[in-house]
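Engineer:
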Amino acid sequence: MALEDFTLVLSELRKRLFYLIAFFGASVVVSFSLMGNLILKIQSDMFWHLQIPGNTDISGRLVDISSNLTAMSGELAKDNEAIAQNLTLISGELVNISMNLGMFKPNIVYLAPMEVLMLKFKMAVIFGLLITSPMILYYAVAGIRKRFDIHVPLSRSLLIYTAAAAAGLFLLGASYAYYYMLPFLLGFLYQDAINMGVSATFSVYSFVYFVMSTTLIIGLTFELPIILTLLVRLGLTDREKLVYYRRHAYIVLLIIAAVITPDPTFISQVMVAVPFIVLYEISLLLMKISGTKTRTL
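Per our numbering, the very first residue in the sequence shown carries number 248; after that it's consecutive.
Structure, rendered in structure tokens:
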């Protein structure tokens with residue numbers, strides 16, 4: 248019986264498949280045309296944080312000092328040849344130091360002929376899925392409710408408020424990741440690397456996809472209040488249980504943060520886990536204020 252029910256749900260979704268494919272295809276095409284500018288913006292925004300503070304100024308000053316020392320050595324060559332030679336050696340060393348400072352400037356390269364094109368296509372597909380996901384979810388829920396005769400009070404105004412809240416939370420999470428978490432994390436990792444005497448050369452695919460995937464994942468994790476509220480309204484849990492198992496939930500959230508973080512450092516895990524816990528507490532508070540109750544299906 249369960250298999251038959253699942254098949255009927257799929258058939259309901261299949262009726263709308265043509266519209267979904269058409270909308271998804273249009274979303275991918277439109278997104279693909281914008282991906283080039285998005286890649287340039289990501290490089291510009293993130294590379295600004297991958298600079299050694301004062302490198303350019305220090306390098307320029309060293310070159311100026313080297314030029315002055317060279318001029319002084321020329322003037323002193325007739326009077327004191329030994330001092331002139333020492334000044335020349337010092338001048339050469341300053342030039343070498345200046346060049347070494349420039350070596351640590353990060354670079355971005357592409358490693359395969361199709362790398363940039365495939366990156367743009369993959370990004371367009373992801374954005375297409377994000378744009379189409381509300382329609383997929385709507386059709387899926389409509390089919391499930393119709394088949395199983397599930398009565399959940401979801402008025403049009405409630406759906407609009409929920410969609411607006413979900414979009415706002417996603418943008419909040421994505422902004423947190425893009426403007427705070429990633430710049431701090433990339434800068435920290437970069438400084439740690441150059442302290443070991445290595446320079447940075449990034450693949451455009453790896454770098455941009457790392458930034459984009461991290462931003463999207465953190466944005467989706469900020470949907471936690473919506474998910475918890477829906478679970479309560481659908482009768483799958485209640486606020487009392489969420490409060491009682493709060494400590495267990497914290498452990499689960501820490502594990503999830505460790506899994507989804509893009510690198511194994513403790514710093515990135517904390518930067519993800521703390522918003523998780525804050526959102527969990529906000530969810531409980533909003534449920535208490537709004538009086539969200541469990542609905543019997």
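Here a beta-carbon is modelled for each residue, glycine too, at the ideal position from N, C-alpha and C.
Which residue comes first and which comes last in the beta strand (DSSP E) that contains residue 448?
Structural biologist: 448–450
Engineer: In whole angstroms, give me the CA-to-CA distance for residue 516 and residue 530.
Structural biologist: 21 Å
Engineer: Can you name, in chain order, every residue of its own chain whose Cβ lies under 6 Å from the Cβ of residue 465, other than the five neighbours on each side?
Structural biologist: 420, 424
Engineer: Check whether the stretch 430–447 and the stretch 472–482 touch, using three or more Cβ-Cβ pairs below 8 Å as the test.
Structural biologist: Too few Cβ pairs lie closer than 8 Å, so no.
Engineer: Sorted by chain position, which residues of the same chain lie with C-beta nearer than 6 Å to residue 284's C-beta, five sequence neighbours on each side aside?
Structural biologist: none
Engineer: Rounded to whole angstroms, what is the Cα-Cα separation between residue 524 and residue 416?
Structural biologist: 15 Å
Engineer: As a quick exercise: from 374, 497, 483, pick the residue whose alpha carbon is nearest that of residue 459.
Structural biologist: 374
Engineer: Go through its chain and collect everything with a Cβ distance to residue 279's Cβ below 7 Å, but skip five positions before and after it.
Structural biologist: Closer than 7 Å at the Cβ level, and outside the excluded window around residue 279, lie 367, 368, 371.
Engineer: Span of the alpha helix (DSSP H) holding residue 275?
Structural biologist: 264–294
Engineer: Applying the 10 Å Cβ sphere with the 16-neighbour rule, what's the burial state of residue 484?
Structural biologist: exposed
Engineer: Does the beta-carbon of residue 536 have 16 or more other beta-carbons within 10 angstroms, so that it is buried, or is it exposed?
Structural biologist: exposed
Engineer: Where does residue 274 land, buried or exposed, given buried means 16+ other C-beta within 10 angstroms?
Structural biologist: Buried.
Engineer: Out of curiosity, what's the CA-to-CA distance linking residue 264 and residue 471?
Structural biologist: 29 Å
Engineer: What do you get for residue 520, buried or exposed, if any count of 16 or more other CB atoms within 10 angstroms of its CB means buried?
Structural biologist: buried
Engineer: Sort out for me which residues DSSP pairs residue 355 with in a bridge.
Structural biologist: Note: residue 355 sits in a beta bridge opposite 449.
Engineer: Give the DSSP-derived three-state secondary structure of residue 188 in the structure shown.
Structural biologist: For residue 188 there is no data in the structure shown, the boundaries of the chain being 248 and 544.
Engineer: Rounded C-beta distance between residue 430 and residue 410? I'm assuming under 8 Å.
Structural biologist: With 8 Å as the limit, residue 430 and residue 410 do not qualify as a contact, their Cβ atoms being about 30 Å apart.
Engineer: Under a Cβ-count criterion, where at least 16 other Cβ atoms within 10 Å of its own Cβ denotes burial, should residue 432 be classed as buried or exposed?
Structural biologist: Residue 432 should be labelled buried.
Engineer: Mind pulling the beta strand (DSSP E) runs of 3 or more residues that sit fully within the stretch 471–520?
Structural biologist: none
Engineer: Throw me the rounded Cβ distance for the residue 502 and residue 468 pair, which I believe falls under 8 Å.
Structural biologist: The beta-carbon distance between residue 502 and residue 468, rounded to whole angstroms, is 13 Å. This is too long to meet the 8 Å contact definition.
Engineer: Got a sec, what are the start and stop residues for the alpha helix (DSSP H) residue 424 sits in?
Structural biologist: Counting along the chain, residue 424 sits inside no alpha helix (DSSP H), nor does DSSP assign it H or E at all.
Engineer: Can you have a look at residue 526 and say buried or exposed, based on whether 16 or more other CB atoms are within 10 angstroms of its CB?
Structural biologist: buried
Engineer: Less than 9 Å separating the beta-carbons of residue 490 and residue 356?
Structural biologist: Taking a C-beta distance under 9 Å as the contact criterion, residue 490 and residue 356 do not qualify as a contact pair.
Engineer: Near residue 270, what residues of its chain come up, given a Cβ to Cβ distance below 7 Å and the 5 sequence neighbours on each side ignored?
Structural biologist: 379, 382
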